[in-house]
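At position 59 of the sequence shown (counting the first as 1) the number is 58 in numbering that gives the first Met the number 0, and the numbers step up by one without a gap. Note that CB positions come from ideal geometry on N, CA and C, so glycine has one too. Predicted model only: the values in this text are computed from it and were never measured. Presented below is the structure to which this report refers.
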Amino acid sequence: MSAADYVSAVSTSGPSLRGRVLDAIWDDQLSSQMRSRGEAVLEESVLGLLIGDLESGSEDGEHSAATPSPRRAGETAARLVRGG
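If you want it as structure tokens, here you go:
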């Protein structure tokens with residue numbers, strides 16, 4: 000997840016961050032955005048983005064423009080949970 004992804008997904012009605020925010024080595028702005036906003040982004044709310052990153056082999060938090068459909072995202076998540 001990049002800082003831009005975080006900013007677009009964060010909601011002021013979401014849960015507050017707890018604990019220490021670690022430095023995101025793949026995006027120098029992500030940690031500072033998280034510290035300044037103090038809000039958590041739940042994985043469930045950005046599942047398609049995260050799965051897209053995994054499917055594209057993204058290592059830098061930048062996702063492709065092609066976000067998988069909810070059905071494909073669900074199939075991929077199930078496959079990852081099963082370990083296959």
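If the criterion is Cβ atoms closer than 7 Å, does the pair residue i and residue j meet it?
i, j, result
"D26", "S1", "yes"
"A8", "V45", "yes"
"Q28", "V6", "no"
"S30", "V20", "yes"
What are the start and end residues of the alpha helix (DSSP H) that includes residue i?
i, result
"S10", "Run containing S10: none; DSSP gives neither H nor E here."
"G47", "L46 to S55"
"Q84", "The chain is shown from 0 up to 83; residue 84 falls before or after that span and cannot be answered."
Pick from the options: whose alpha carbon is nearest that of residue i?
i, options, result
"S12", "E38, R19, V20 and I24", "E38"
"G18", "I24, S10 and R34", "R34"
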